[in-house]
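Below is one structure, written out as structure tokens; comments come after it.
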Amino acid sequence: MKKTNNINYKNLLLLVILILFPLLVSNRYYLHIMMVIGIAIIYGIGFNIFFGYCGQISFGHAGFYAIGAYTAVLLHIHLGINYFLSSIVAMVFTGIVAFLLGYPFLRLREHYLAMASMAFLLIIKAITIQWRELTFGPAGVIGIEIPKIFSLELKDNSLYYLILMVTILIFFVTKNLMNSFLGRAFIAIRDNEDAAPSLGINTFFYKNIAFSLSAICTGLAGVLYAYLNLYIGPECFGLDLSILAILIVVVGGSGTDSGPVIGAVILSLLPEMIYGFEDYHLISYGLVLLFFLLFMPKGIMGLLNNHGYFLKGAK
Amino acid sequence: MLIEVLFTGTFMGCIYTLIGLGFNLIFNSSQIFNFAQGEFLMLGAMFYVTFNNVLHFPLAITFLLCSICVGIVGLLLELGPIRYLADKEPPIIRLILVTLAFGIIVKNAAELIWGKYPVRTQGIATEENLILGGHVFMTQGFYIIIFTIIILFFLWFLFKRTLSGKAFLASAYNKDMAYLCGINVKSMLLISFVASGLLGGVAGALISPVSHVSTNMGALLGLKGFMSAVIGGMGNPIGAILGGLIIGFSEQLVGTYISTRLMEVFPFLILIVVLVNKPHGLIPSNIND
Chain L
702 MKKTNNINYK NLLLLVILIL FPLLVSNRYY LHIMMVIGIA IIYGIGFNIF
752 FGYCGQISFG HAGFYAIGAY TAVLLHIHLG INYFLSSIVA MVFTGIVAFL
802 LGYPFLRLRE HYLAMASMAF LLIIKAITIQ WRELTFGPAG VIGIEIPKIF
852 SLELKDNSLY YLILMVTILI FFVTKNLMNS FLGRAFIAIR DNEDAAPSLG
902 INTFFYKNIA FSLSAICTGL AGVLYAYLNL YIGPECFGLD LSILAILIVV
952 VGGSGTDSGP VIGAVILSLL PEMIYGFEDY HLISYGLVLL FFLLFMPKGI
1002 MGLLNNHGYF LKGAK
Chain P
-5 MLIEVLFTGT FMGCIYTLIG LGFNLIFNSS QIFNFAQGEF LMLGAMFYVT
45 FNNVLHFPLA ITFLLCSICV GIVGLLLELG PIRYLADKEP PIIRLILVTL
95 AFGIIVKNAA ELIWGKYPVR TQGIATEENL ILGGHVFMTQ GFYIIIFTII
145 ILFFLWFLFK RTLSGKAFLA SAYNKDMAYL CGINVKSMLL ISFVASGLLG
195 GVAGALISPV SHVSTNMGAL LGLKGFMSAV IGGMGNPIGA ILGGLIIGFS
245 EQLVGTYIST RLMEVFPFLI LIVVLVNKPH GLIPSNIND
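Here the protein sequences line up with chains L and P, keeping their order. Be aware that the first sequence starts at 702, since it is given in our numbering, and climbs by one per residue. Be aware that the second sequence starts at -5, since it is given in our numbering, and climbs by one per residue.
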């Protein structure tokens, strides 16, 4: 097998630019966009594990995003646990929720899975709106205090470096995991769910692992979202957010390492580019998704190489 | 009190049934869950508001135009993306996402045309409520129930008593065999999309006086119609009726007697319980197996 960890000068240059970015660019707005992109990348990578590699559909990932964000923030507010610990707990909790949900949900396929996961999202949404004592109801949690990790305030540059670090970590961990036995088991399930057991793959178990891993990444993205915006509310985590995950993966290239990265960059910049036309924001999502599904099912990575054939079909 | 609650449950159940039937029609002909069905309903309601409040058309023409306009949207969905993908044999996930994307476009286009703010409109009858023996009933509810029964009868007649209806069922059972028998399977797909557009238009026009009409209404109502089809058994019209009534009744009963907080969540809990225990619904369809 080809050794992949040769020093690649292009990637090294990119890394240096990313590290120096806050020093080169003084405009806080661009820094904010970079952080939004980073969170979108983590979210996309998480969704890609379940959708792109394992070939399962979910409309409920915004629910995990909400669980991650709310758990981290509410543990701090209600129980006074410090942010570092509460974030870890939030990720683990999201993973556990997904693992338990997987037992009923992953017996379903395709339409039915899409349907059940959408119902899950709406239940989470109803909880965030209705359980006022816990979640502060429809107004959301306003004025979250700036998180600290070991007396270091996480804002601007320090938050940027945290997100950068976590994004790179998640990227490489996922990339290696997907090239391991685990990733190949996911791909086997995606390509033929009925034939996978004949290769000794416990489909139900591996689907559940994919679901939980994907939920942990999504929960992490939710935690970082709460840090960045210092506000969370029920309207932040709607069906639009679930669709965003699908878009990121489909546009970038499903079932590829770098697909979600490319997709996240494009889709985070898209609303900024059509700034001032907010009314056209969501319709452009629909048009972009339809365009890619019809004409470029392999996504942008499909242009670069022959990956991401998953959505392509038989002919 | 109980009688009013059951009445409301019945007519809401009828609306869910109509949406569920729209899902069934498309599912039977193509195995696609049309995620744009809720937006069809929303469009029907929007057209109703326009024709009724703004243009003051007579009621019969309003209903006709509503269903035709939404039928045309269904036609566009089939003629455009679905037909383009048909010979590529794409995985089913791609088709699901295509209908979802189409729904997003329709919803946001409607938002650009009609605006975001909810509007109210008037129903078929001039009086809003009818008092019978001390109970207050919403007049529109009676019309919804009557219309649903007429539509159900019409569909029954179409599928059981006419040749084209039987051709449709035949192509749902076995596409290749139907093709060999000289049935134009492709046109059946087109018909199913148009028909579910027509159904969505009528259902939207019927429900618009009962609820606030806004571009956001499609998602939730569509989802509940969808759930009624899934709970009853996808592809089975009797299942859609059963599922619709289960959701309509349970929602109203829970909302009235237990807690309004639980009202919105309860149908989803039913759905998850049913899907997990009987993944093919309460009355599984013998089509598509």
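Each residue gets a CB set at the ideal place from its N, CA and C atoms; glycine is no exception.
About 6 Å separates the beta carbon of G841(L) from that of Y932(L), a gap short enough to meet the 8 Å contact definition. Taking 9 Å as the CB threshold, V867(L) stays off the interface with chain P. At a Cβ-Cβ threshold of 9 Å, G3(P) and G242(P) count as neighbours. The three-state reading of DSSP puts I850(L) in strand, counting E and B together. Leaving aside the five residues that flank I864(L) on each side, the residues in its chain whose CB is nearer than 7 Å to its CB run, in chain order, M736, G739, I740 and L925.
Proximity of E258(P) to chain L, defined by a Cβ-Cβ separation below 9 Å, is satisfied.
Residues of chain L whose Cβ lies closer than 7 Å to the Cβ of F262(P) are, in chain order, A820, L823 and I824. Any Cβ of chain L closer than 9 Å to the Cβ of K101(P) would place that residue at the interface, and such an atom is present. Nearest neighbour of I264(P) by Cα position, chosen from A172(P), F220(P), T250(P) and Y42(P), turns out to be F220(P). Distance between A119(P) and L200(P), taken at the CA atoms: about 12 Å. Classified as exposed, C175(P) has fewer than 16 neighbouring CB atoms from the shown chains inside 10 Å of its CB. Near chain P, meaning a CB-to-CB distance below 7 Å, no residue of the stretch 884 to 915 of chain L qualifies.
When the alpha-carbon of V(-1)(P) is set against those of T254(P), Q246(P) and A161(P), the nearest one is in Q246(P). Annotation: I797(L) has no Cβ neighbours in chain P at a cutoff of 7 Å; minimum Cβ distance is about 18 Å. For F260(P), the secondary structure class from DSSP, reduced to helix, strand or coil, is helix. Taking CB atoms only, P112(P) has no neighbour in chain L less than 9 Å away. Within the model, the alpha-carbon separation for G747(L) versus I138(P) is close to 45 Å. Between A30(P) and L71(P), the gap from beta carbon to beta carbon is short of 9 Å.
For N271(P), DSSP records no beta bridge to any residue. When rounded, the separation of the alpha-carbon atoms in L855(L) and V774(L) is 14 Å. Interface residue (Cβ-Cβ distance to chain P less than 9 Å): V874(L) is not classified as such. With 16 or more other Cβ atoms from the protein chains shown falling within 10 Å of its own Cβ, S23(P) counts as buried.
Buried is the label assigned to Y928(L), since at least 16 other Cβ atoms lie within 10 Å of its Cβ.
The way I'd put it, the stretch 980 to 995 of chain L doesn't touch the stretch 776 to 790 of chain L; fewer than three beta-carbon pairs between them come closer than 8 Å. Residues M36, A39 and S205 of the same chain have their beta carbon placed closer than 7 Å to that of M211(P), with the five preceding and five following residues left out of the count. Between G764(L) and P961(L), the CB-CB gap reaches or exceeds 9 Å. Taking 9 Å as the threshold, the shortest C-beta distance from Y78(P) to chain L falls below it. Collapsing the DSSP output to three states places F837(L) in coil. Among the bridge pairs identified by DSSP, L124(P) is matched with F131(P). Within 7 Å of the CB of H812(L), the CB atoms of chain P belong to F27 and I90, in sequence order along the chain.
Comparing alpha carbon positions, the residue from I(-3)(P), G237(P), I277(P) and Y111(P) closest to P261(P) is G237(P). The beta-carbon of R255(P) is placed less than 9 Å from the nearest beta-carbon of chain L. With a 10 Å radius around the Cβ and a threshold of 16 neighbouring Cβ atoms, V726(L) comes out exposed.
For K826(L) and I125(P), the gap between their C-alpha atoms comes out near 37 Å. Taking 8 Å as the cut-off between beta carbons, the residues of the stretch 266 to 278 of chain P near chain L are I266, L269, V270 and P273, in sequence order. Shown here, V726(L) sits in coil according to DSSP, grouped into three states, outside any helix or strand.
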